[in-house]
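Below you'll find the structure, written out as structure tokens, and then a few comments.
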Amino acid sequence: SVGVITHIELFSLLQLYRFLPSTTMTDIASSSFGLDQVNLSFLDERKTLPLIISPRWNDRLSFLCTWLETNRPWVDDQILKYGAVLLRGFEVRSAVDFEKATLALQPNLCDEYRGTSPRTLREGTKYAFNAADVPTNYPI
């Protein structure tokens, strides 16, 4: 496991805004490009949050980054609808990979950490921080 990445899943870095649980997969599919290249699902039966995007055939990081760049407005809309988007099953193996995928979705990230726990940038990155630089028995 790499600091901010657990179970090799990417969560949206945006805040939870609102939920529209009545939205259907047909509604989702009508507003995006390349949805035939990914699978869409939800964690729960109520289809509320988060929307899960997983690879249909191509799980490479390069595909994920291109897909996110192409579909940035659509993904942003889904984040607003569902509160989060979970990108699961793609080849995100390191903090550098995580940062590449995150920048594909949001190219204007801030590189100043403003939290209260001491954190260090992951090697080779400008935006990916450790979860915390304190012993594991300390509360964060």
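The numbering used here numbers the first residue of the sequence shown as 6 and each following residue consecutively. Yeah, the Cβ is synthetic: ideal placement off N, Cα and C, and Gly gets one too.
Residue i classed as buried or exposed, judged by whether at least 16 other C-beta atoms fall within 10 angstroms
| i | result |
| --- | --- |
| T125 | exposed |
| T107 | buried |
| G88 | buried |
| V139 | exposed |
Which of helix, strand or coil DSSP assigns to residue i
| i | result |
| --- | --- |
| L110 | helix |
| S46 | strand |
| S59 | strand |
| V139 | coil |
| V101 | helix |
| D81 | helix |
| L54 | coil |
Closer than 8 Å to chain C by CB, residue i
| i | result |
| --- | --- |
| L114 | Looking for chain C here will not work: only one protein chain is present. |
Residue of the options minimising C-alpha distance to residue i
| i | options | result |
| --- | --- | --- |
| D41 | A133, E128 and I58 | I58 |
| L110 | V80, A89 and S122 | V80 |
| L69 | P144, V97 and L48 | V97 |
| R65 | D138, N142, T75 and D102 | D102 |
| P144 | P123, F134, A133 and G129 | P123 |
| A100 | C115, L92 and F134 | F134 |
Beta bridge counterpart(s) of residue i as assigned by DSSP
| i | result |
| --- | --- |
| F134 | L126 |
| L73 | Note: L73 sits in no beta bridge, so no partner. |
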